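The sequence shown lines up with residues 0 to 734 when you count with numbering that gives the first Met the number 0. Shown next, in structure tokens, is the structure this report addresses.
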Amino acid sequence: MLDSQLSYAPMCKPYSSCENLRVKLALLFIQRHNRFPMECTVLTSSKSAGIANGLTYEAPEGSVGIGSPVLVPLRNKTTEGIVISLNEKQEQKFDVKGIRAALSKDPLLPEYHIQTLRWIADKYFCSLRQAIRVFLPSLSWKDLLPKETKTYRLTGSPEKLRGRKQLEVCEFLAGRDAVEVSVLRKATGCSIATLRSLVEKDLLTEEISTEEEQTPKAEISRPNLTSDQKKVAAEISDSKLPSLLFGITSSGKTEVYAELIANAIDAGKSAILLVPEILLTEHCIHRFQELLSPERVCTIHSRLTGSARKAAWRSIRAGNIDLVIGSRSALFSPLKNLGLIVIDEEHEWTYKNEQTPRYHARETAEALCGFAGAKLLLGSATPSLESWKRAKDNHYHLTRLPERYLGKELPTVSVVDLAEVTFGDLYPFSPSLLTAIENRLNKGEQSILFLNRRGVATALLCLECRRRIVSPDSQLPFTVHKGIGGRPRLVDHTTNLTIDAPEECPHCGSKSLHEVGAGTVRVEDILEKRYPQARILRADKDTLQHPEHMRLLLKKMRENQADILLGTQSVVKGLDLPNVTLAAVLLADVGLSLPHFRAGERIFQLLTQLTGRSGRAKPGEVIIQTFRPEAPEVLLAASHKTEEYIESELKLRAHTGYPPVSKMVRLILRGDNAGTRAQKLAASIQGQLHISAAPTLFGGGRIWHVLLRGEDPKAILKDLDLTDVVVDIDPIECI
Ligand code: ADP
Ligand code: ZN
Numbered sequence: 000m001l002d003s004q005l006s007y008a009p010m011c012k013p014y015s016s017c018e019n020l021r022v023k024l025a026l027l028f029i030q031r032h033n034r035f036p037m038e039c040t041v042l043t044s045s046k047s048a049g050i051a052n053g054l055t056y057e058a059p060e061g062s063v064g065i066g067s068p069v070l071v072p073l074r075n076k077t078t079e080g081i082v083i084s085l086n087e088k089q090e091q092k093f094d095v096k097g098i099r100a101a102l103s104k105d106p107l108l109p110e111y112h113i114q115t116l117r118w119i120a121d122k123y124f125c126s127l128r129q130a131i132r133v134f135l136p137s138l139s140w141k142d143l144l145p146k147e148t149k150t151y152r153l154t155g156s157p158e159k160l161r162g163r164k165q166l167e168v169c170e171f172l173a174g175r176d177a178v179e180v181s182v183l184r185k186a187t188g189c190s191i192a193t194l195r196s197l198v199e200k201d202l203l204t205e206e207i208s209t210e211e212e213q214t215p216k217a218e219i220s221r222p223n224l225t226s227d228q229k230k231v232a233a234e235i236s237d238s239k240l241p242s243l244l245f246g247i248t249s250s251g252k253t254e255v256y257a258e259l260i261a262n263a264i265d266a267g268k269s270a271i272l273l274v275p276e277i278l279l280t281e282h283c284i285h286r287f288q289e290l291l292s293p294e295r296v297c298t299i300h301s302r303l304t305g306s307a308r309k310a311a312w313r314s315i316r317a318g319n320i321d322l323v324i325g326s327r328s329a330l331f332s333p334l335k336n337l338g339l340i341v342i343d344e345e346h347e348w349t350y351k352n353e354q355t356p357r358y359h360a361r362e363t364a365e366a367l368c369g370f371a372g373a374k375l376l377l378g379s380a381t382p383s384l385e386s387w388k389r390a391k392d393n394h395y396h397l398t399r400l401p402e403r404y405l406g407k408e409l410p411t412v413s414v415v416d417l418a419e420v421t422f423g424d425l426y427p428f429s430p431s432l433l434t435a436i437e438n439r440l441n442k443g444e445q446s447i448l449f450l451n452r453r454g455v456a457t458a459l460l461c462l463e464c465r466r467r468i469v470s471p472d473s474q475l476p477f478t479v480h481k482g483i484g485g486r487p488r489l490v491d492h493t494t495n496l497t498i499d500a501p502e503e504c505p506h507c508g509s510k511s512l513h514e515v516g517a518g519t520v521r522v523e524d525i526l527e528k529r530y531p532q533a534r535i536l537r538a539d540k541d542t543l544q545h546p547e548h549m550r551l552l553l554k555k556m557r558e559n560q561a562d563i564l565l566g567t568q569s570v571v572k573g574l575d576l577p578n579v580t581l582a583a584v585l586l587a588d589v590g591l592s593l594p595h596f597r598a599g600e601r602i603f604q605l606l607t608q609l610t611g612r613s614g615r616a617k618p619g620e621v622i623i624q625t626f627r628p629e630a631p632e633v634l635l636a637a638s639h640k641t642e643e644y645i646e647s648e649l650k651l652r653a654h655t656g657y658p659p660v661s662k663m664v665r666l667i668l669r670g671d672n673a674g675t676r677a678q679k680l681a682a683s684i685q686g687q688l689h690i691s692a693a694p695t696l697f698g699g700g701r702i703w704h705v706l707l708r709g710e711d712p713k714a715i716l717k718d719l720d721l722t723d724v725v726v727d728i729d730p731i732e733c734i
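In structure tokens:
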């Protein structure tokens, strides 16, 4: 009965400290069938780089499937692993070891996850072992299996028993229902061996159960869509392609998502809704808990504790969740029957993971939906150039909501040229902005003020040529600090280069250099002094450590317990607050450290978000303060011409050869000799004349980048020595 492999693979000690596991393993061993062993590739949890793409093992036919969690021998140890493919048995292969055990009959990850895993490793140039991190929220994979409980029940008559302990156990169980093993052992002090022998004598039966109890599905209530929203929802359902919903702010995109999510759940499927910022999930989950039953909706974000995250993951895997709402990592929730993924504000840059695997949630969702047979819906008021181009190329289905809900007007937008304003102590508040704020305070309406930075950070700007003083090391704007004796010093925070502030502009020689910046702390000070009666809320990453803080803040705004909400863009965009009639950005162009070619797009998106915050329920106003009032992104955002902006920017990218018209790869080098290594790398690329990728060196100090751009810059990576080099495919940030 026990096959020869068993003697080769004895029961593994380190992993069988859990008794349940041992019993289960034994069961699975017995089912083994050694005559037709098959082979499988197993990705182990081992960190060794050499085996980061899996190893071949033998397994009895039918004992494992794709995604199965297994134990395998590795060197002299037993290691956890997951089956990533099943292979035909190769003849004459030597030294292929057998798996030790399958840890569960069910796959740990659904097959579409294993397919996505391979896709990520291939697309983002990393190992499977690196890629699998985002799928499994625990270092111990076994921990993610359903928690098992073992119970004993008395089913025979103990009359002939001799052993005192055995009798004691039977007496304890007599008249009781099934008793959990830990309870039984505590009460009687019996050993596992005692229980086992009682089971063998047919006196007790042993039952192993998992915690996968199902919470019942509840009634779904549906939103009441307008006829335009209905049309859009139907179109999206009908299209087989990924859909891009281009809907202006407050057009009701969220309502359309709700309808489609309800449809999916009604059809017995599950859904994922990705939002760009975890603090905004609070806003969103509320809406969806109203529609669905709250216990079947779950949120996943980076502020969850490890154990909360694991519990959520297990509950999703067990089929207890219909809708997962979360930031980008929620994409990897192991839902059964995945029917729909919605990515709200798909243009947001937070969808790019800035650690290995450096995936983009939008791209990855598209692949994942393909494997899962699910629908992808992207929504935005300012679609990314990437998605827009795909829609134009008929790779995505494009649909529009060009009107606000109930035909509400977009707010009127005015642009203030900051170079024309004399400030005094009130910088960066222009007189017209102050008037507008006072106006709101008098009327009992609310204002939202957008800032670029938390803290007090400032840059040095030339009012003549309107350029910032940038660091020669990194090409990024210097930050102004107070030096000894009050003389300003300029610091490059990426390289720590520090210099005295110059007297004259290095670009044009003008002496009108101005410290510009609007950190939240400083702006709050100014407001408090000027309007002591105003109730001011500050929303930035310092004041909001947890979604709960955001919830309280939103509650205060909704209940009119606050007059002014002051926040960094990342925190205040996307809010839906009816009594806000003024939204302003204090400095539309300073403080964004961006690769040059994406700066305009980002500012446009920010300004459009700004116009979306004001006048959602009653007529509103928007003020843009900027040093570059003539820039196309400012002018077109002020006149709500989104499509015109995207089209013109796309033409510009085509002309200059930047993404999405070309492709980009960033190679990141860190460490003491990063500069020399980067130069060598760039030179070796330049040497390959058949390649159309132009390397650009960028950086300074301990971090260097080599940027490759062209039709297929990734193709040359395989010829490079990339030891200690981080590869970033389709990079967004360049610092
Ligand atoms: P978007 O996501 O496009 O910015 P929202 O979905 O947040 O827009 O909708 C804006 C506002 O209009 C919200 O307060 C929302 O409740 C309301 N709204 C939109 N569509 C409807 C609808 N069909 N029925 C009721 N309220 C709606
Ligand atoms: Zn100048």
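No residue lacks a Cβ here, since even glycine has one placed at the ideal position from N, Cα and C. Just so it is clear, the structure is predicted and the values come from calculations on it, not from any experiment.
- [ ] Tell me the start and end of each unbroken alpha helix (DSSP H) in the segment 496 to 552 that is at least 4 residues and wholly inside, in chain order.
- [x] 519 to 529
Open item on the list: For Trp703, tell me which candidate among Ala677, Ser683, Gly599, Trp118 has the shortest Cα-Cα distance.
Closed with: Locating residue 703 in the sequence shown gives position 704, counting from the first residue. Ranking the options by Cα distance to Trp703, first place goes to Ala677.
Task: Assumed close pair Pro356, Val133 - CB separation to whole angstroms, cut-off 8 Å - done: Looking up residue 356 in the sequence shown gives position 357. Looking up residue 133 in the sequence shown gives position 134. Contact holds; Cβ gap of about 6 Å.
Open item on the list: At a cut-off of 7 Å, would you count Leu224 as near ligand 1, judging by its Cβ distance to the nearest heavy atom?
Closed with: For the purposes of this step, residue 224 is identified with residue 225 of the sequence shown, where counting begins at 1. Result yes, Cβ under 7 Å from ligand 1.
Task: Cβ-Cβ separation, Leu330 to Leu303 (assumed contact under 8 Å), whole Å - done: As a position in the sequence shown, residue 303 is number 304, starting the count at 1. As a position in the sequence shown, residue 330 is number 331, starting the count at 1. The Cβ separation is near 15 Å, so there is no contact.
Task: Straight-line gap, Leu160 to Ser181 (C-alpha atoms, nearest Å) - done: Taking the sequence shown and counting its residues from 1, one reaches residue 160 at position 161. Taking the sequence shown and counting its residues from 1, one reaches residue 181 at position 182. Their Cα atoms are separated by approximately 23 Å.
Task: Proximity below 8 Å, CB of Leu291 to CB of Ile219 - done: Locating residue 291 in the sequence shown gives position 292, where the first residue counts as 1. Locating residue 219 in the sequence shown gives position 220, where the first residue counts as 1. The answer is yes: Cβ separation under 8 Å.
TODO: For Arg313, write down the residues that DSSP places opposite it in a beta bridge.
DONE: Taking the first residue of the sequence shown as position 1, residue 313 is located at position 314. Bridge partners of Arg313: none, in fact.
Open item on the list: If you reduce the DSSP assignment to three classes, tell me which class Ile65 lands in.
Closed with: For the purposes of this step, residue 65 is taken as the residue at position 66 of the sequence shown. Correct three-state label for Ile65: coil.
Task: Buried versus exposed, by CB contacts within 10 Å (16 or more), Asp94 - done: Numbered from 1 along the sequence shown, position 95 holds the residue referred to as residue 94. It is exposed - the Cβ of Asp94 has fewer than 16 other Cβ atoms within 10 Å.
Task: Rounded C-alpha distance that separates Ala186 from Thr209 - done: In the sequence shown, counting from the first residue as 1, residue 186 sits at position 187. In the sequence shown, counting from the first residue as 1, residue 209 sits at position 210. Cα to Cα, the separation comes out at about 23 Å.
- [ ] Could you work out which residue in Lys442, Ala371, Arg308, Pro531 is closest to Gly338 when comparing CA atoms only?
- [x] As a working note, residue 338 is residue 339 in the sequence shown. For the residues Lys442, Ala371, Arg308, Pro531, the minimum Cα distance to Gly338 belongs to Ala371.
Open item on the list: Pro72 and Lys96 - do their beta-carbons sit closer together than 8 Å?
Closed with: Against the sequence shown, residue 96 aligns to sequence position 97. Against the sequence shown, residue 72 aligns to sequence position 73. Yes, the pair counts as a contact, with Cβ atoms nearer than the cut-off.
Open item on the list: When you measure from the CB of Glu514 to every non-hydrogen atom of ligand 2, does any distance come out below 7 Å?
Closed with: Position 515 of the sequence shown, counted from the start, is the residue given in the question as residue 514. Outside the cutoff, so no.
- [ ] State yes or no: is the C-beta of Leu377 within less than 8 Å of the C-beta of Ser242?
- [x] Within the sequence shown, the letter at position 378 stands for residue 377. Within the sequence shown, the letter at position 243 stands for residue 242. Yes.
Open item on the list: Taking the beta carbon of Leu605 as the centre, do at least 16 other beta carbons fall within 10 Å, making it buried, or is it exposed?
Closed with: Here residue 605 corresponds to residue number 606 of the sequence shown, with the count starting at 1. It is buried - the Cβ of Leu605 has at least 16 other Cβ atoms within 10 Å.
Open item on the list: Is it buried or exposed, Cys169, if we count other Cβ atoms within 10 angstroms and call 16 or more buried?
Closed with: By 1-based counting over the sequence shown, the position of residue 169 is 170. Answer is buried; the Cβ neighbour count reaches 16.
TODO: With a cut-off of 8 Å on the beta carbons, I'd call Ser269 and Asn319 a contact; round off their distance for me.
DONE: One-based indexing of the sequence shown puts residue 269 at position 270. One-based indexing of the sequence shown puts residue 319 at position 320. Between Asn319 and Ser269 the Cβ distance is about 10 Å, and since that is not below 8 Å, they are no contact.
Task: Check: Arg466 C-beta below 7 Å from any heavy atom of ligand 2 - done: Here residue 466 refers to the residue found at position 467 when the sequence shown is read from its first residue. The answer is yes for Arg466.
TODO: Measuring alpha carbon to alpha carbon, tell me which of Glu38, Ser250, Ile525, Gln532 ends up nearest Leu400.
DONE: Numbered from 1 along the sequence shown, position 401 holds the residue referred to as residue 400. Cα-wise, what sits closest to Leu400 is Ser250.
Task: Same chain only: Cβ atoms within 6 Å of Asp237, ignoring 5 sequence neighbours per side - done: Translated into the one-based positions of the sequence shown, residue 237 becomes position 238. Closer than 6 Å at the Cβ level, and outside the excluded window around Asp237, lies no residue.
Open item on the list: When you compare the segment 609 to 619 with the segment 479 to 490, are there three or more beta-carbon pairs, one atom per stretch, that lie closer than 8 Å?
Closed with: no
Open item on the list: According to DSSP, is Ala458 part of a helix, a strand, or is it coil?
Closed with: The residue labelled residue 458 in the question sits at position 459 within the sequence shown. In the structure shown, Ala458 sits in a strand (DSSP, three-state: E or B).
Open item on the list: Within 8 Å, do at least three Cβ pairs link the segment 135 to 143 to the segment 306 to 320?
Closed with: yes
Open item on the list: For Gly49 and Asp121, I'd like the C-alpha separation in whole angstroms.
Closed with: Stepping through the sequence shown from its first residue, residue 49 is reached at position 50. Stepping through the sequence shown from its first residue, residue 121 is reached at position 122. Their Cα atoms are separated by approximately 17 Å.
Task: Distance cut-off 7 Å: Glu463 Cβ against heavy atoms of ligand 2 - done: For the purposes of this step, residue 463 is taken as the residue at position 464 of the sequence shown. Indeed, a heavy atom of ligand 2 lies less than 7 Å from the Cβ.
Open item on the list: Looking at the secondary structure, which residues open and close the beta strand (DSSP E) in which Ile622 lies?
Closed with: The residue given as residue 622 occupies position 623 in the sequence shown. Ile622 -> beta strand (DSSP E) spans 620 to 625.
TODO: Can you have a look at Thr722 and say buried or exposed, based on whether 16 or more other CB atoms are within 10 angstroms of its CB?
DONE: Numbered from 1 along the sequence shown, position 723 holds the residue referred to as residue 722. That one is exposed.
Task: Per-residue DSSP class, three states only, for Lys230 - done: Looking up residue 230 in the sequence shown gives position 231. The answer is helix: DSSP assigns Lys230 an H, G or I state.
- [ ] My understanding is that Leu576 touches Lys555, with C-beta atoms under 8 Å, so please give their C-beta distance in whole angstroms.
- [x] Translated into the one-based positions of the sequence shown, residue 576 becomes position 577. Translated into the one-based positions of the sequence shown, residue 555 becomes position 556. Not a contact, Cβ separation roughly 10 Å.
Task: Own chain partners of Gln445 with C-beta closer than 8 Å, once the 5 adjacent residues on each side are dropped - done: Here residue 445 is taken as the residue at index 446 of the sequence shown, counted from 1. Only Arg439, Met556, Asn559, Ala561, Asp562, Ile563, Leu564, Leu576, Asn578, Val579, Thr580, Leu581 meet the Cβ criterion.
Task: Nonlocal neighbours in the same chain, by C-beta distance under 7 Å from Leu108, ignoring five residues either side - done: Here residue 108 corresponds to residue number 109 of the sequence shown, with the count starting at 1. Closer than 7 Å at the Cβ level, and outside the excluded window around Leu108, lie Gly66, Ile81, Phe134, Pro333.
Open item on the list: So, at 6 Å on beta carbons, what are the nonlocal neighbours of Ser735 in its own chain, with the 5 sequence-adjacent residues on each side left out?
Closed with: In this structure the chain extends from 0 to 734, so residue 735 is not present and cannot be described.
TODO: Using alpha carbons as the reference points, say which of Glu294, Pro631, Glu629, Ser638 lies closest to Val621.
DONE: Against the sequence shown, residue 621 aligns to sequence position 622. Checked all of Glu294, Pro631, Glu629, Ser638; the closest Cα to Val621 is Ser638.
Task: Candidates Tyr256, Phe428, His396, Lys407: closest to Gln624 by CA position - done: Residue 624 sits at position 625 when you count from the first residue of the sequence shown. Comparing Cα positions, the closest option is Phe428.
TODO: Please list, in chain order, all residues of the same chain as Pro730 whose beta carbon is under 7 Å from its beta carbon, the five residues on each side excluded.
DONE: For this step, residue 730 is matched to residue 731 along the sequence shown. These residues qualify, in order along the chain: Met663, Arg665.
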